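Here the structure comes first, spelled out in structure tokens, and everything after it is commentary.
Protein chains: 2
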Amino acid sequence: MSHRPSLAVIGLGLIGGSLARALRVAGAVSRISGYDPDQLQRRLAVDLGVVDLAADSAAEAVRAADLVVLAVPVLRTAEAMAAVLPALKAGAIVTDVGSTKQSVLADVARTCGELPSWFVAAHPIAGTEKSGVAASNAELFRNKRLILTPHPRQDPAAFATVRALWEAVGARVVEMDAARHDAIFAATSHLPHVLAYAFVNMLSRLDGEAEIFANAGGGFRDFTRIASSSPQMWHDIVRANRESVSGLLEQQIVELQELLALMRAEHWDELKARFQRARDARERHLSHIE
Amino acid sequence: MSHRPSLAVIGLGLIGGSLARALRVAGAVSRISGYDPDQLQRRLAVDLGVVDLAADSAAEAVRAADLVVLAVPVLRTAEAMAAVLPALKAGAIVTDVGSTKQSVLADVARTCGELPSWFVAAHPIAGTEKSGVAASNAELFRNKRLILTPHPRQDPAAFATVRALWEAVGARVVEMDAARHDAIFAATSHLPHVLAYAFVNMLSRLDGEAEIFANAGGGFRDFTRIASSSPQMWHDIVRANRESVSGLLEQQIVELQELLALMRAEHWDELKARFQRARDARERHLSHIE
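Residue numbers (our numbering), protein chains in the order written: chain A, 116 to 405; chain B, 116 to 405.
Shown next, in the form of structure tokens:
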């Protein structure tokens, strides 16, 4: 597109709201419309200046848009695509921000009959345990990774447009196969959320729960931070990526069973060697993650 | 003691070094001597002004001290106490900073024949994944909890002196039974370290390890931060508190097995309910931990 595209954001949450704000600050889009099933988010998005117009339906929001961003929970992708499909302008590009990519591509293909050339699958590696448009900010994606998972029927121009928009908001764009994406993020993001939820859940059932939490320190706070994330969103992600997540969870259980056996057998040197290997691995890769 | 006590710190690491700095800044002690088996830490402690004198042995360090702090790994408590015992000044108070309290009390009792009235068991809830005297700072304990676990043979004056010193460096002092302390910190601190080490260890064995770590985000960074902690120190703590830690680890494995079974059986509503319960528990207690 040679002119600044008009934008529609379906799903006015942390990610959708932040992308709208960031693209506006970057001057990369013209008019911004939006839709969210939650009336409060719609009203907040207008009041906070995140969108110019909050439409009463997804179809209405996209009618005039050159670029449509589906920023909905991953399990709502098919529903959102079905809602906008009949109303899309000719030549419109549709993209998403979902944390799982194989399920998104499959849902879009199913909804549209086949994968449309104008659909571009994307995943920004950003976000916090907060949610909702009130938490959105224009700087959320700066210097963060943005994964694009190209598909065989991809239109190169549509792909280039989406890449340029993310670069405009400061993201570092990386291309990756969708299956590889899902395996990697099961390991670095999806499984950690399951583990953090499981840990806090176990603690909450112990006697003297309140005294236990009252004695938590900084290490505990950081370790459990992701357990404050949206249960609905992470349910969706784990469900959409269940093969990768459950496979890794099984490996994690085996690792923990081995550590428990080492403690019971008092094989302390081997336990320490495992701690050391973990520390070495984290330190070796620290430059990438801090 | 009516005059400002002279201090000896055995173990010039993050905690021992920070306590020495903090007590000096607070004007709560006079001369500070120290000992560490690592010559580099001894030299750094002098060069950084953490201690006035680094002695060549623990016995030499304590000879003139009114107050002795054992800031050694918990499994070195007996050894440190044995080293200082023959050299202690009459009326000297000895205290510690260990993360486990039943093992420390047992080791001190064994080394001294019985629990001495002049020994006060303490545990500051502070520290980072960093270690060594170079990382020490005078503000480490400000507004942090400090647990004292009194024992039946405790001298009230010795206990009051140690309490006052920690209050002087800004800590919030709490008293607790040693067994209860160990159960609580197994849950909030010791088990999380085991879980974080186990998680990073599992990841480090996956194919494409480097690409996986390269795609880690902020949630991963926080979740795994404690896996950069000292393997030796956490080996010691887990070993010293093995009953509590292994009992909780067993419960954690059961929780994870249940989550895996829910995923395999596609019982998504129940999985989401567990995520929700964890989030609710963390949010309910958030005011205590953030």
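Note that CB positions come from ideal geometry on N, CA and C, so glycine has one too. Predicted, not measured: the structure shown is a model, and the values here were computed from it.
Around residue 378 of chain B, the beta-carbon contacts reaching into chain A at under 9 Å are 309, 353, 354, 357, 360, 361 and 364. At least 8 Å separates the beta-carbon of residue 228 of chain A from that of residue 130 of chain A.
Proximity of residue 383 of chain A to chain B, defined by a Cβ-Cβ separation below 8 Å, is satisfied.
Ranked by Cα distance from residue 127 of chain B, the options B:368, B:170, B:265 and B:205 are led by B:170. For residue 190 of chain A, there is no enclosing alpha helix (DSSP H), as DSSP marks it with neither H nor E.
Listed along chain A are 313, 316 and 317, each with a C-beta nearer than 7 Å to that of residue 370 of chain B. In this structure, residue 216 of chain B lies near residue 296 of chain B, with their beta-carbon atoms less than 8 Å apart. Under the Cβ distance rule, residue 297 of chain B does not count among the residues neighbouring chain A, no pair being separated by less than 8 Å. Look at residue 240 of chain A: its C-beta is under 8 Å from a C-beta on chain B. With respect to the C-alpha of residue 278 of chain B, the residue from B:317, B:237 and B:202 having the closest C-alpha is B:237. In this chain, the beta strand (DSSP E) harbouring residue 238 of chain B covers 237-239. Annotated three-state conformation of residue 234 of chain A is strand, per DSSP. Residue 387 of chain B reaches chain A at 346, 347 and 350, counting residues in chain order whose Cβ is nearer than 8 Å. Taking C-beta atoms as the reference points, residue 294 of chain B and residue 342 of chain B fail to come closer than 8 Å.
Taken in chain order, the members of the segment 272-305 of chain A whose beta-carbon sits within less than 9 Å of a beta-carbon on chain B are 289, 291, 295, 296, 298, 299, 300, 302, 303 and 304.
Residue 328 of chain A belongs to the set of residues whose beta carbon lies under 8 Å from a beta carbon in chain B. Residue 150 of chain B is bridged by DSSP to B:125. As the crow flies, the alpha-carbon of residue 186 of chain B is around 21 Å from that of residue 292 of chain B.
Taking the CA atoms as reference points, residue 269 of chain B sits about 18 Å from residue 204 of chain B. With its beta carbon less than 8 Å from one in chain B, residue 393 of chain A belongs to the interface. Going by C-alpha positions, residue 219 of chain B is about 8 Å away from residue 190 of chain B. The segment 195-209 of chain A makes no contact with the segment 364-374 of chain A; the number of CB pairs closer than 8 Å stays below 3. Listed by position along chain A, the residues whose Cβ is nearer than 7 Å to that of residue 343 of chain B are 394, 397 and 398. Around residue 354 of chain B, the same chain offers 190 as residues with beta carbons nearer than 8 Å, after the five sequence neighbours per side are excluded.
Residue 378 of chain B and residue 173 of chain A have their C-alpha atoms spaced approximately 32 Å apart.
In this structure, the CA atom of residue 226 of chain A is about 6 Å from the CA atom of residue 197 of chain A. Nearest to residue 383 of chain B by alpha-carbon distance, out of A:146, A:352, A:362 and A:211, is A:352. Each of A:221, A:240, A:330 and A:348 was checked against the Cα of residue 246 of chain A, and the nearest Cα belongs to A:348. A residue is called buried when at least 16 other Cβ atoms come within 10 angstroms of its Cβ; residue 154 of chain A does not meet this threshold and is exposed.
Collapsing the DSSP output to three states places residue 261 of chain B in a strand.
Residue environment analysis places residue 399 of chain A among the exposed positions, since fewer than 16 neighbouring C-beta atoms fall within 10 angstroms of its C-beta.
Just so you know, the alpha carbons of residue 301 of chain A and residue 307 of chain A end up roughly 8 Å apart.
At a C-beta separation below 8 Å, residue 260 of chain B has these neighbours in chain A: 330 and 332. DSSP, reduced to helix, strand and coil, places residue 324 of chain A within a helical segment of the structure shown. For residue 340 of chain B, the C-beta contacts it makes with chain A under 8 Å involve 334, 337 and 338, in order along the chain. Cβ neighbours of residue 230 of chain A within its own chain (closer than 7 Å, five residues either side excluded): 220, 223, 224, 266 and 268.
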